[in-house]
Amino acid sequence: MLVAEKNRLGRASRAVAPRIRAHIQWLELELEDLDQGLQQTLRRSPVWRERDDLLRSVPGVARQLSVTLLSDLPELGTLGRRQIAALVGVAAMNRDSGTKRGRRMVSGGRARIRAVLYMGALVATRHNPVIHSFYQRLLAAGKPRKLALTACMRKLLTILNSMGKSGQPWNPHAITS
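In this text, residue positions in the sequence shown follow our numbering: the first is 4, and each later residue adds one.
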């Protein structure tokens with residue numbers, strides 16, 4: 004809704020523009036209040052606080068990704084790596100039929116998590132040494148950037164899933180390629 008209002012502001016008349024600006028300001032305040040309330044709720048519970056701290060120990064995982072995973076992916080840490088990747092929609096599905104070998108594509112799953120995970124993987128390719136080296140290795144092998152980033156999304160998700168299972172914080176030396 005905030006984006007829609009900002010888009011409306013660009014083509015609004017002088018008479019309507021102040022009202023749209025006021026509405027944008029109100030929406031931003033509401034979002035800030037909701038975010039603070041969510042953070043307070045998260046910090047009050049020792050279980051949620053511990054899981055949040057565990058996820059945030061990974062370079063590239065910030066508040067937005069952590070909160071989204073905790074709220075929208077309660078299965079994190081309980082499923083296997085292939086299951087969690089398929090659930091989120093970062094597992095490549097083949098499009099084969101008979102002798103025809105189609106392209107492998109990523110589809111389905113939880114789009115909201117995938118969108119936030121995309122941004123987390125983008126940050127991780129710059130700040131997380133494990134994801135960065137994985138990304139560079141894929142690019143050196145001639146893979147397209149988007150494909151390499153999707154593979155990094157899956158790798159980041161499987162790392163977070165295994166950390167959720169073990170309860171161990173981020174350790175870059177424990178991760179194997």
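Every residue, glycine too, gets a C-beta built ideally from N, C-alpha and C.
What residue range is occupied by the uninterrupted alpha helix (DSSP H) comprising residue i?
i: Val126; result: 114 to 130
i: Thr161; result: 148 to 169
i: Glu78; result: Where Glu78 is concerned, there is no enclosing alpha helix (DSSP H), given that its DSSP letter is neither H nor E.
Taking the alpha carbon of residue i as the point to measure from, which residue in the options has its own alpha carbon closest?
i: Pro175; options: Gln86, Gly92, Phe137; result: Phe137
i: Thr153; options: Gly170, Ser169, Ile134, Ala143; result: Ile134
i: Glu78; options: Asp56, Ile178, Thr161; result: Thr161
i: His130; options: Ala65, Glu31, Leu30, Ser48; result: Ala65
i: Gln67; options: Pro49, Met4, Gln39, Val93; result: Gln39
i: Cys155; options: Leu45, Trp51, Leu41, Ala94; result: Ala94
i: Pro172; options: Glu35, Arg59, Gly13; result: Arg59
i: Leu5; options: Arg117, Gln28, Leu41; result: Gln28
i: Ser74; options: Ala18, Ile116, Gly83; result: Ile116
i: Gly170; options: Arg52, Leu57, Glu33; result: Leu57
i: Ala114; options: Arg47, Leu76, Leu142; result: Leu76
i: Gly167; options: Thr81, Arg11, Glu31; result: Thr81
Are there any heavy atoms of the ligand NAD lying less than 8 Å away from the beta-carbon of residue i, as far as the coordinates show?
i: Gln39; result: In the structure shown, the ligand NAD is absent, as is every other ligand, since no ligand is present at all.
Going by other Cβ atoms of all chains shown within 10 Å of its Cβ, with 16 needed for buried, is residue i buried or exposed?
i: Thr192; result: Outside the shown range of the chain (4 to 180) lies residue 192, about which nothing can therefore be said.
i: Ala151; result: buried
i: Ser69; result: buried
i: Asp55; result: buried
i: Gly123; result: buried
i: Leu34; result: exposed
i: Asn164; result: buried
i: Arg157; result: buried
i: Leu72; result: buried
i: Gly63; result: buried
Taking only three categories from DSSP, how would you classify residue i?
i: Ser48; result: coil
i: Asn10; result: helix
i: Ala89; result: helix
i: Val19; result: coil
i: Gly26; result: The question names Gly, but residue 26 in the sequence shown is His. Of the three classes helix, strand and coil, the one that applies to His26 here is helix, per DSSP.
i: Ala144; result: coil
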